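Here is the structure we will look at.
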Amino acid sequence: MMIPSHHSDVDEYGYCPQHGIPVRPNQGCSGCVTGLPSINPARRLNVGCGEWPLLYYTNLDADPKANADLYVKVPPLPFDDGGLDDIYAGHFLEHLTPEDADEFLRECFRCLVPGGRLGIVVPDTRIVMERWLGGDPGSIEYPAGTFRPRADLDTICELFLYSTVQESPHRWSYDSTTLARRITRAGFTLTQEIHRYTDIRIPVGAWYQCGWDAVKP
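Going by the numbering used here, 1210 is the number at position 82 of the sequence shown; the sequence numbering is gapless.
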């Protein structure tokens, strides 16, 4: 069924520039249809963007080679109290020590307005180890054209537990339960698990990740 749209503006990537929502062919923007307020990219932050910046966000990374708008090491976050409406951090938290992860989440809480949204995605250590212990016959492609066996502990260490294939190695591991615990300990209220395959903020949907959306009460 075609959804009526309040406007016909769609950017070159198929997103509504008013709401930052992807618009499918022959359909309208759900944000326009439901009357959502317009977004302000300056108040939406994508932390640790790497080579995958998000549309209609301010993209932040410490690496000067990253495709970012703002280059700074966090924590702390260089924003005023209540200066942000939305923070997303995909595959960033695992690069921090537990102490720095707690500080980062406290900074997110400080910078978000009441009702502001937080999204965190990390490698799902539980499912990774289950597939290793179960002798999964499949492989993981990393980097492009290189296939590594999932059931090999060297693969697990190189890509997930320590991530020695990256300049910034992993410093902690999570599953859905421990990630939820860390987020709620910072004062957030969990709203829903982030879909590991289809969430529009995730550049590559995959089995090996998990995440949570939360709000600042």
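C-beta atoms are modelled at their ideal positions from N, C-alpha and C, and glycine is treated no differently.
Since the structure is predicted, the reported quantities are computational estimates derived from the model, not experimental observations.
Worksheet entry | Inter-stretch contact at 8 Å, needing at least 3 Cβ pairs: the region 1249-1266 / the region 1289-1304 | yes
Measuring CA to CA, which of P1203, C1285, R1276 is closest to D1264? Translated into positions along the sequence shown, residue 1264 becomes position 136. Nearest of P1203, C1285, R1276 to D1264, Cα basis: R1276.
Roughly how many angstroms separate the alpha carbons of W1180 and T1292, rounded to a whole number?
Within the sequence shown, the letter at position 52 stands for residue 1180. Within the sequence shown, the letter at position 164 stands for residue 1292. So the two alpha carbons sit approximately 20 Å from each other.
Cα-Cα, which of F1288, L1205, D1228, G1178 is closest to P1192?
-> The residue labelled residue 1192 in the question sits at position 64 within the sequence shown. Nearest of F1288, L1205, D1228, G1178 to P1192, Cα basis: G1178.
How big is the Cα-Cα spacing for F1232 and V1202? Mapped onto the sequence shown, residue 1232 falls at position 104. Mapped onto the sequence shown, residue 1202 falls at position 74. Going from the Cα of F1232 to the Cα of V1202 covers about 7 Å.
For S1267, write down the residues that DSSP places opposite it in a beta bridge.
Your numbering for residue 1267 matches position 139 in the sequence shown. Beta-bridge pairing links S1267 to P1277.
**Prompt:** Excluding sequence positions up to five away, which residues of its chain have a Cβ less than 7 Å from the Cβ of Q1320?
**Reply:** The residue given as residue 1320 occupies position 192 in the sequence shown. Answer for Q1320: D1341, listed in chain order.
**Asked** From the DSSP output, which residues share a beta bridge with N1353?
**Response** Since the displayed the chain opens at 1129 and closes at 1345, residue 1353 lies outside it and no answer follows.
Identify, in the order they occur along the chain, each residue of the same chain with its Cβ nearer than 7 Å to the Cβ of P1206, setting aside the five sequence neighbours on each side.
-> Taking the first residue of the sequence shown as 1, we reach residue 1206 at position 78. Around P1206: V1200.
According to DSSP, simplified to helix, strand and coil, what is G1163? Indexing the sequence shown from 1 puts residue 1163 at position 35. G1163 falls in the coil class under three-state DSSP.
Notebook entry, point to check: At least one CB of chain B closer than 9 Å to the CB of T1292: is that the case?
Noted result: Any reference to chain B falls outside this structure, which holds one protein chain only.
Segment limits, alpha helix (DSSP H) that includes E1140
The residue you call residue 1140 lines up with position 12 of the sequence shown. Per DSSP, E1140 lies in no alpha helix (DSSP H) and is assigned neither H nor E.
### Task
Could you check if P1251 is buried or exposed, using at least 16 other CB atoms within 10 Å of its CB as the buried criterion?
Taking the first residue of the sequence shown as position 1, residue 1251 is located at position 123. With 16 or more Cβ atoms within 10 Å of its Cβ, P1251 is classed as buried.
Per DSSP, cross-strand counterpart(s) of I1248 | Residue numbering aside, residue 1248 sits at position 120 when the sequence shown is read from its first letter. I1248 pairs with A1217, W1340.
The region 1142-1158 touching the region 1183-1190, judged by at least three CB pairs closer than 8 Å: yes
> How many Å lie between T1162 and Q1155 at the Cα?
Replying inline: As a working mapping, residue 1162 is identified with position 34 in the sequence shown. As a working mapping, residue 1155 is identified with position 27 in the sequence shown. Those two C-alpha atoms are separated by around 13 Å.
- Message: Which residue marks the beginning of the alpha helix (DSSP H) containing E1321, and which one marks its end?
- Response: Taking the first residue of the sequence shown as 1, we reach residue 1321 at position 193. E1321 -> not in any alpha helix (DSSP H); beta strand (DSSP E) instead, spanning 1317-1321.
**Asked** Using CA coordinates, which residue listed in G1273, E1235, E1269 is at the minimum distance from D1283?
**Response** On the sequence shown, position 155 is the one that residue 1283 refers to. Reading off the sequence shown, one finds Thr at residue 1283, where the question assumed Asp. Distances from the alpha-carbon of T1283 to those of G1273, E1235, E1269 put E1269 closest.
- Do V1241 and D1327 have their CB atoms nearer than 9 Å? Here residue 1241 is taken as the residue at index 113 of the sequence shown, counted from 1. Here residue 1327 is taken as the residue at index 199 of the sequence shown, counted from 1. Not closer than 9 Å, so no.
* Asked: What does a CB cutoff of less than 7 Å around R1259 pick up in its chain, not counting 5 residues either side in sequence?
  -> Here residue 1259 refers to the residue found at position 131 of the sequence shown. R1278, listed in sequence order.
Practice problem: With F1232 as the anchor, note down where its alpha helix (DSSP H) starts and where it stops. | Solution: The residue you call residue 1232 lines up with position 104 of the sequence shown. Element bounds for F1232: 1226-1239.
*Excluding the 5 residues preceding and the 5 following S1296 in the sequence, name in chain order all residues of the same chain whose CB lies nearer than 7 Å to its CB.*
The count along the sequence shown starts at 1 and reaches residue 1296 at position 168. Closer than 7 Å at the Cβ level, and outside the excluded window around S1296, lie H1223.
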